[in-house]
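Asks:
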Amino acid sequence: MQYDEKRLARIVATDCGSTTTKAILIEWVDGEFRQTIRGEAPTTVEAPLNDVTKGVINATQELEELARLKYHNPNIKFMENGKFVIPRKGDIGVDAYVSTSSAGGGLQMMVTGVVASMTGESAERAALGAGAIVMDLIASNDKRMNHEKIERIRELRPDMILMAGGEDGGTVKHVVEMAELVASADPKPRLGSAYKLPVIYAGNKDAREEIIKALGEKVDLIITDNIRPKLEIENLLPAREKIHNLFMEHVMKQAPGYNKLMEWTVGPEHEQVPIMPTPAAVGNIMQAIAKDENIEVVGVDIGGATTDVFSVFTKDFIFNRTVSANLGLSYSISNVLASAGLENIMRWVPFDIDESELRNMIKNKMIRPTTIPSLLEELVLEQAIAKEALRLAFEQHKSFASSLKGMQKQRDISEAFSQSVSGETIVNMMTLNLLVGSGGVLSHAPRRNQTVLMLIDAFLPEGITRLSVDSIFMMPHLGVLSEISAKAATEVFRKDCMVYLGTCVAPVGKCKIGKPALYAKLELPDGTVFEEDIPFGEMRLIPCGVGQIAKATLKTHSGLILDSEKKKEMTVDLYGGVVGIVLDTRGRQPFVLPADKTERIAALKKWMKELKIYPEHILS
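Counting in my numbering, the sequence shown tops out at residue 613, every number present.
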């Protein structure tokens, strides 16, 4: 249900994370929704307190104290007798309270399918889109023996299982075999021993009776519409809704204090507003912004243990989310080194460093995950590692965010004699409008310029792309808020959540270093004009502030192109930001750094000086 501003003049939203509970106050101010105050407190889901509401109360008390100071009003209170006052009565109470949660490890799921690359991946997309961490995918063709699959189901102890497989009307044999495997494993849930494990069946409808026979007595079986009713159709929404509902009914109720918290999360008419898994809420706001502005969006949240990537592409606003559970900057930093390789990390470092020194730095970060760089050299290394973690997570995302595998793609006459299965990525960097970064290394970089270069080097945006960063990790709060007010969520997202960094212009193609690549003429709001024929292999930073627009004439040389229509010349408005407009002629498809170490370090220093990434002394 959606409410207007008259019903939502004061809203409290919290995100109960694994370590910190973050609270924000959203108010109707001067004809618009704004985030006005922020507070936080340690999350209290674990011993000794074992009650998540204690952290919520502590974070909300900080909001109250700051609100009294801000408005010089000692009577402001949001809670009384340990609960929110809804509806608001003057200075007392709020109009709505909403929350997200990833405390206790978030939502952990296992999925099954008949064919791993078809129904298995569809089930994975449904689970990931609902905000889950997918612990494993078990399929008939995954080459493991049955006893290995049974043992795997037993040892993982997921919060729930999503089963898919088979077209409606097709054979039931293989999906029934998967159900019998689950039954043989007799799986137990991670939280709570007094209830049966929830299992959602979203496969061939003709197999439902057999599935009930195999599983009905052993698990809490929920049946919903087939995820792949036909090979060429993917229907994820019913399964995602069931996952959300079960997350509330089963998982959240088992976590200490969540029963009480669920009673608190209500709207203006005391209607229940379900607590959402944090990643699902982030996905919500990404989709809301994409639809509201009719744009394609990629978002990334890089943490200590995982990196989440979200994308909304095509005219149908197809949403995908992936979790790279082994790519982070503290707990799983060693995995980044192992996955990327030392050479790939070192290619972003603008000075010589001993291999053992880098490895020691990485191991120390893993041992002491909450530490931050104390030396400039450590900061440079951490940001180099971050580029590789982001790059790898995005590569995984692109391979997952694909068209449906297993179906024949319609081809034109020129392709008539070439047959292959589909499954091509739908991520198109040339049509991407907005790239959003989040997570400590991006949101809290000492210079916003550093955030810009990390995003550009990791994601290699093509054509014309706006860059932004989540200022204080507010996207989860806004995602759950969109359930009762899309207007409030999108307004706060634009005005308070997003720090607009600027725009990147990156022609696609390759030519010889030093040859003319991009003619750019930018007429800036202050009347100054930037005009240059930029050689290939260069970067330029043109200051252009937040809310400012540069009138640009762009023309490429040597076979380079600027957009999906392969234009070589265009007149376009370029949006500024806290950093400005970056013109990047280093090439795409391919992007290649100099192979020679001396040349590479010289190139890195040149680009970093131009973009004012680090102090001069480290780049001299």
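Beta carbons: idealized from backbone N, C-alpha and C, even for Gly.
1) Look at the Cβ atom of Asn74, then the Cβ atom of Ala109, and state whether they are nearer than 7 angstroms.
2) Exposed or buried, what is Tyr493 when buried is set at 16 or more other beta-carbons lying within 10 Å of its beta-carbon?
3) Less than 8 angstroms between C-beta atoms, sequence neighbours within five positions excluded: which residues of the same chain meet that for Gly507?
4) Please state the DSSP three-state secondary structure of Ile17.
5) So, for Ser407: in the same chain, excluding its five sequence neighbours on each side, which residues have a beta-carbon less than 6 angstroms away from its beta-carbon?
6) What does the alpha-carbon distance come out to for the pair Pro518 and Gln541?
7) Under three-state DSSP, which class holds Leu369?
8) Where DSSP assigns a beta bridge to Cys537, which residues make up the other side?
9) In angstroms with no decimal places, state the Cα-to-Cα distance between Arg619 and Ile606.
10) Could you tell me whether the stretch 580 to 598 touches the stretch 337 to 355, where touching means 3 or more Cβ pairs closer than 8 angstroms?
11) Using the rule of at least 16 other Cβ atoms within 10 Å of the residue's Cβ for burial, across every protein chain shown, is Arg314 buried or exposed?
12) Kindly indicate the opening and closing residues of the alpha helix (DSSP H) around Pro191.
13) What does a CB cutoff of less than 6 angstroms around Ile85 pick up in its chain, not counting 5 residues either side in sequence?
14) Any idea which residues DSSP pairs Gln376 with across the strands?
15) Can you give me the Cβ contacts of Glu455 inside the same chain, cut-off strictly under 7 angstroms, excluding the 5 residues immediately before and after it?
16) Between the stretch 219 to 226 and the stretch 154 to 167, do three or more beta carbon pairs fall short of 8 angstroms?
17) Please confirm whether Ile594 has its beta-carbon closer than 7 angstroms to some beta-carbon of chain D.
18) Going by C-alpha distance, which of Arg384, Gly124, Gln376 is nearest Met601?
19) What span of residues does the alpha helix (DSSP H) with Gly433 cover, start to end?
20) I need the boundaries of the beta strand (DSSP E) containing Asn313, first residue and last residue.
21) For Met616, count the other beta carbons within 10 Å of its own beta carbon; 16 or more makes it buried, fewer makes it exposed. Which is it?
22) How many whole angstroms separate the CB atoms of Ala273 and Gly124, which I take to be in contact at a CB cut-off of 8 angstroms?
23) Taking all protein chains shown into account, do 16 or more other C-beta atoms lie within 10 angstroms of the C-beta of Ile220, making it buried, or fewer, making it exposed?
24) Going along the chain, which residues of its own chain have a beta-carbon closer than 7 angstroms to the beta-carbon of Thr233, five neighbours each way excluded?
25) Please go through the same chain and pick out, in chain order, the residues whose beta-carbon is closer than 7 angstroms to the beta-carbon of Ile278, but skip the five residues on each side of it.
26) If the criterion is Cβ atoms closer than 7 angstroms, does the pair Glu33 and Lys47 meet it?
27) Taking the beta strand (DSSP E) that Ser92 falls in, what are its first and last residues?
28) Since I believe Ile30 is in contact with Leu59 (beta carbons under 8 angstroms), could you give me their beta-carbon distance rounded to a whole number of angstroms?
29) Please determine if the stretch 319 to 327 and the stretch 343 to 363 are in contact, where contact requires at least 3 C-beta pairs separated by less than 8 angstroms.
30) Suppose you measure from the CA of Gln280 to the CA of Glu484; what does that come to, to the nearest Å?
31) With a threshold of 7 angstroms on Cβ separation, who are the neighbours of Leu149 within its own chain once the five nearest residues in sequence on each side are excluded?
32) Does DSSP put Pro509 in a helix, in a strand, or in coil?
33) Using the C-alpha atoms, what's the distance from Ser464 back to Gly296?
34) With respect to the beta strand (DSSP E) encompassing Thr549, which residues constitute its N-terminal and C-terminal limits?
35) Suppose the cutoff is 8 angstroms on Cβ atoms and the five residues either side in sequence are ignored; what does the same chain contact list for Ala2 look like?
36) DSSP on Asp566, reduced to helix/strand/coil?
Replies: A quick look at the data gives this:
1) no
2) Buried: at least 16 other Cβ atoms inside 10 Å.
3) Pro528, Phe529, Gly530
4) Correct three-state label for Ile17: strand.
5) Interpretation of Ser407 is limited by its pLDDT of 34, a score under 50 that renders its predicted location unreliable; the figure taken from the coordinates is listed afterwards. Excluding sequence neighbours, Ser407 sits near nothing in its chain.
6) 7 angstroms
7) helix
8) In the DSSP output, where bridge partners are listed per residue, Cys537 has none listed.
9) The question about residue 619 has no answer, for the chain in this structure spans -6 to 613.
10) Taking a contact to require three or more Cβ pairs closer than 8 angstroms, the stretch 580 to 598 and the stretch 337 to 355 qualify as touching.
11) buried
12) Not the alpha helix (DSSP H): Pro191 falls in the beta strand (DSSP E), residues 191 to 194.
13) Lys70, Val78
14) DSSP, once it has assigned bridges, lists no residue as partnering Gln376.
15) For Glu455, where only same-chain residues beyond five positions count, the Cβ hits under 7 angstroms are Met422, Met423, Ala499, Val501, Arg581.
16) yes
17) Note that chain D does not occur in the displayed structure, where there is just one protein chain.
18) Gln376
19) 433 to 436
20) 311 to 317
21) Limits of the chain in this structure are -6 at one end and 613 at the other, which puts residue 616 out of reach.
22) 3 angstroms
23) With 16 or more other Cβ atoms within 10 Å, it is buried.
24) The identity of residue 233 in the sequence shown is Arg, whereas the question assumes Thr. Counting only Cβ-Cβ distances below 7 angstroms, and skipping sequence neighbours, we find Ala119, Gly122, Ala123.
25) Met468, Leu471, Gly472, Ser475, Ala482, Phe486
26) no
27) 89 to 94
28) Correct: roughly 5 angstroms between the Cβ atoms.
29) yes
30) If you take the alpha carbons of Gln280 and Glu484, they lie about 14 angstroms apart.
31) Met103, Met128, Asp129
32) strand
33) 15 angstroms
34) 542 to 549
35) Glu20, Trp21, Arg81, Asp88
36) strand
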